[in-house]
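What follows is one structure encoded as structure tokens, with my remarks underneath.
Numbering (our numbering), first residue to last: 33 to 723.
Written as structure tokens, this is what we have:
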């Protein structure tokens, strides 16, 4: 921070403090309201000073001192400084006479009032970053500064002060019927009325609502959360501000009850703006202000705001009816209101305590609440965020992080240090499946906090294991249903293939044999010697039919597999392949039988893998490895081809075989690297279905 910036900061703080002292001195010593005449005195001698001005100055000064380099901090400081200065100038107008000095003083006040409206609009419209995102928003906020030209133009355009002008009359102690303006330029008089309409702050208010609403609608979820309280409060305040601004020129000392209530409600809403800004700062860790300082100042500001709100609610009936009922009745109404609103004050104080220091629950409450929630958790997406949020609120940590393999859930903000101050493991059956990590906490952690977290971690680890098991079982049930559907579909497909092969192959041979037999019988009946040739053809066709039937039967279940076992069947299949195939088998497998279903599944995995090698791999050689280990038979088929396609699935054939293998308790894995060949591995339990 440069010396010039430091001097500017202290000058603004001093100027705002001087404005507060002047306004407070006039309120206490002279008994006048901060706004010195008209409906503004409905708020009592301290008037608007206590409703938003003092809290706004305190919040702006605090943020600017902590983060003088932040644009939003500077805007908040300027707003907190200009507002009390404008109020002080309003009070000093009482000392002005009806000559030229009055007009100059009034113009200075109008300038300060306009500057107040501009700074408030800029600070709220750009909350919380101090900048806006769109070019049109920047141009609109820059155009707001043009309103500073209105007061000097009004000085030249207003010839006299009568009952019509809005800004002049309310700030005189005893408004005269007419005050001549020596600075007036007659030919500019037509500008007076439209400029007096713009001066109260309509334009600034409209621009504020437009820009802030547009930013809120277009913001992402995180930024919208930081803006939400300010936007909601602005929406609640706008109709009251509009009604107050429009109606205040028309009501003087005899203003009705409903107008006094409108003024009181508006004052309360305005006093909440510094409060919600502080809430946003502490809740969302804005501006990187130190946590301890942030919490202490936040609690002080919230307490002050709650006290001011309670005072306003308690005093509102007496102030609103002060001129229409006896003093004794007004005092009684104030006492009754104080008693009625006292429970609300206690509720707000508890909310402030929870906001700043977290939910201070005891061990039993925390475990009971979390245990009740565990009964409803059905997946990790629901369980882990609740676990992190429960620990975060229960221990009042800056952040809490729950980590599992490939899963990280965070509660709170990790804008500060990322080093965990407290860390416990989620342990289940002697195995650590994850961790709960807690960030720093004001005042540090006590041994009881560690014990509480250990108990909570043990409870959570069991719940996490149960949820994971439930999820795995649900996935297995779903996959089992899909596998059964695929097996049924594969069986139907295989039956149709066999039917087609019989129809197109063996059946056609049988039909041809029948026709040739009829021909041979006719020739023999006639004594035709050519019948011998037909009989030779019949013999040849019968051999071909036998070969086709053997091939068909071999495709369904090769006899060699049933007679001689897996190794012999694989070797026979390899000998019939159109490429070089090497079979490597453990010696024990030559004499060992593995069970019909196991041998059939292993054999057809090899057949399907070899078929894929011939169709897709463009390989020169293939290797088949057969081995047993730990009660399982392992089958591996590898080639030196180009590899599988991008999906690496191996087609429907291997998918169907995978279902068949998994139904027997085994598994199939396909590994393929483009240009480096493919490896198909299957493992099956040796003892499964070995009866």
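Every residue, glycine too, gets a C-beta built ideally from N, C-alpha and C.
- request: Taking residue 607 as part of the alpha helix (DSSP H), name the residues at either end of that continuous run.
  value: 598-607
| Best match in 42, 413 and 456 for proximity to residue 438 [C-alpha to C-alpha] | 413
Exercise for review: Report back the beta-carbon spacing between residue 434 and residue 466 to the nearest angstrom; my notes put them in contact at under 8 Å.
Suggested key: 7 Å
Practice prompt. Report the rounded CA-to-CA distance for residue 236 versus residue 453, giving the unit in angstroms.
Written response: 47 Å
Distance, residue 640 Cα to residue 593 Cα:
16 Å
Do the region 619-631 and the region 642-649 make contact, defined as three or more Cβ pairs closer than 8 Å? no
Quick check: the Cα distance between residue 76 and residue 219, rounded to an integer number of angstroms? With a pLDDT of only 45 at residue 76, under the threshold of 50, the placement of this residue in the model should not be trusted; the figure read from the coordinates follows. Spanning the two alpha carbons is a distance of roughly 42 Å.
Quick check on the burial criterion: 16 or more other C-beta atoms within 10 angstroms. Buried or exposed for residue 418?
buried
Which residue from 659, 636, 612 and 654 puts its Cα closest to that of residue 623? 659
* In angstroms, rounded to a whole number, what distance separates the CA positions of residue 158 and residue 139? -> 28 Å
Endpoints, the alpha helix (DSSP H) within which residue 237 is located
234-250
Under three-state DSSP, which class holds residue 170? helix
Legend entry - Alpha carbon of residue 293 to alpha carbon of residue 275, nearest angstrom: 12 Å
Residues bridged to residue 715 (per DSSP): 666 and 699
Let me check one thing: in DSSP terms, what residues is residue 436 bridge-paired to? 439
**Prompt:** Among the residues of its own chain, which have a CB less than 7 Å from the CB of residue 256, if the five just before and after it don't count?
**Reply:** 248
- Item | Beta-carbon separation (whole angstroms), residue 239 vs residue 153, contact threshold 8 Å | 6 Å
Inset, instruction - Flag this pair as touching only if the region 173-190 and the region 259-273 have three or more C-beta atom pairs under 8 Å; answer yes or no. - result: no
### Query
What is the C-beta distance between residue 251 and residue 169, in whole angstroms, given that I count them as a contact (C-beta under 8 Å)?
That belief does not hold up - the Cβ atoms of residue 251 and residue 169 are roughly 12 Å apart, past 8 Å.
Check your understanding: Taking the beta strand (DSSP E) that residue 454 falls in, what are its first and last residues?
Key -> 454-460
Taking the continuous alpha helix (DSSP H) assigned at residue 90, which residues delimit it?
-> 85-98
* To do: Would you kindly work out how many angstroms separate the C-alpha atoms of residue 560 and residue 632, rounded to a whole number?
  => 52 Å
*asked:* Rounded to whole angstroms, what is the Cα-Cα separation between residue 260 and residue 424?
replied: 22 Å
When DSSP labels each residue in this structure, what does residue 612 get in the three-state scheme?
strand
Which residue's Cα is closest to the Cα of residue 503: 415, 226, 674 and 103? 415
In terms of alpha-carbon separation, which member of 243, 718, 300 and 263 lies closest to residue 167?
243
Per DSSP, what kind of secondary structure is residue 190 in: helix, strand or coil?
coil
*Cα-Cα separation, residue 298 to residue 304*: 10 Å
**Report entry** Three-state secondary structure assigned by DSSP to residue 502
**Finding:** helix
So, helix, strand or coil for residue 654, using DSSP? strand
For residue 471, three-class secondary structure by DSSP:
coil
Between residue 717 and residue 675, is the Cβ-Cβ spacing less than 8 Å?
no
**Item:** Helix, strand or coil at residue 738 according to DSSP, with G and I counted as helix
**Value:** An answer regarding residue 738 cannot be provided, because it is not within the stretch 33 to 723 covered by the chain.
Q. Under a Cβ-count criterion, where at least 16 other Cβ atoms within 10 Å of its own Cβ denotes burial, should residue 108 be classed as buried or exposed?
A. buried
Buried or exposed for residue 616, please, with buried defined as at least 16 other CB atoms from any protein chain shown within 10 angstroms of its CB.
exposed
Where does residue 507 fall in DSSP's three states?
helix
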